[in-house]
Amino acid sequence: GAGVSQSPRYKVAKRGQDVALRCDPISGHVSLFWYQQALGQGPEFLTYFQNEAQLDKSGLPSDRFFAERPEGSVSTLKIQRTQQEDSAVYLCASSLQTGVGQPQHFGDGTRLSIL
Amino acid sequence: DQQVKQNSPSLSVQEGRISILNCDYTNSMFDYFLWYKKYPAEGPTFLISISSIKDKNEDGRFTVFLNKSAKHLSLHIVPSQPGDSAVYFCAASEGGYQKVTFGTGTKLQVIP
């Protein structure tokens, strides 16, 4: 497809389980972002990659959250020992390159529910 | 600390009339502003942007106005169409860096 693809679309997990969320960015896009969107809120920045390098992870809420993009394309966001407050929609976005004027293209997100 | 604020959670407008969505920000280092549109169960879609060196940017029915002294921007949609019904997010970034800070969104309903 031409857009950013995220999988799974929905994920239900029990508290304490580990989850992995996948993002396939638009082909050729250098920059990749992860956001967390709680109900009724705007997306909140989690982390940013330029190719395979994670340049900013200041938004990750705890050390239970880990993101990787080993080959500079597909990215995985992993949440260990999930808690109920991790329930949210996780959005991935990509852009062609860094710099002003490069809008981010979003996937449809993964809705994570922690029971 | 909400650096980008959208104080109107919802707005209803008659089809054909103007829709005005407002946004305020507190971080004076923001120099690039964007509006995104979001339909239910979909990711946000980029709509229009403006650099801090400008005070207006127009793209078809959509115009964004920036008032730096007031730290305020607005999105005008003229004429409004039912397909414009969605949640609109205001967003901002600083220093050419693509980390974007989003507002909480305004749900626009255009009534046929």
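In the order they appear, the protein sequences are chains A and B.
Taking the working numbering, the leading residue of the first sequence gets 1, the next gets one more, and so forth.
Taking the working numbering, the leading residue of the second sequence gets 1001, the next gets one more, and so forth.
Ideal Cβ positions, reconstructed from N, Cα and C, are used throughout, including at glycine.
With a 10 Å radius around the Cβ and a threshold of 16 neighbouring Cβ atoms, lysine 1037(B) comes out buried. Remark: C-beta atoms of asparagine 1027(B) and glutamine 1002(B) do not approach each other more closely than 8 Å.
When DSSP states are grouped into helix, strand and coil, aspartate 86(A) belongs to the helix group. Residues of chain B whose Cβ lies closer than 8 Å to the Cβ of tyrosine 48(A) are, in chain order, Gln1098, Lys1099.
Non-local beta-carbon contacts of tyrosine 1039(B) in its own chain, meaning distances under 6 Å to residues more than five positions away in sequence, involve Ala1086 in chain order.
Looking at the DSSP output, histidine 1072(B) shares a beta bridge with Asp1024(B), Asn1067(B).
Of Gln84(A), Phe49(A), Thr82(A), Gln83(A), the smallest CA-CA separation from alanine 67(A) is found for Phe49(A).
Taking 8 Å as the upper bound on Cβ-Cβ separation, chain A lies near residues Ser1049, Ser1051 of the segment 1049-1070 of chain B.
Under the Cβ distance rule, proline 1079(B) does not count among the residues neighbouring chain A, no pair being separated by less than 8 Å.
Listed by position along chain A, the residues whose Cβ is nearer than 9 Å to that of alanine 1041(B) are Arg9, Asp108, Gly109, Arg111.
Comparing C-alpha distances from cysteine 92(A) to each of Gly1105(B), Pro1044(B), Ser1010(B), Gly1060(B) shows the shortest one belongs to Pro1044(B).
The contact set of proline 61(A) on chain B, defined by CB atoms closer than 8 Å, is empty, because the minimum CB distance reaches about 16 Å. DSSP, read as helix, strand or coil, puts aspartate 1031(B) in strand. When Cβ pairs closer than 8 Å are counted between the two stretches, the segment 4-17 of chain A is seen not to touch the segment 1046-1066 of chain B, the count staying below three. Here the C-alpha atom of valine 89(A) lies approximately 24 Å from the C-alpha atom of asparagine 51(A). Here aspartate 1059(B) carries a strand assignment [DSSP, helix/strand/coil].
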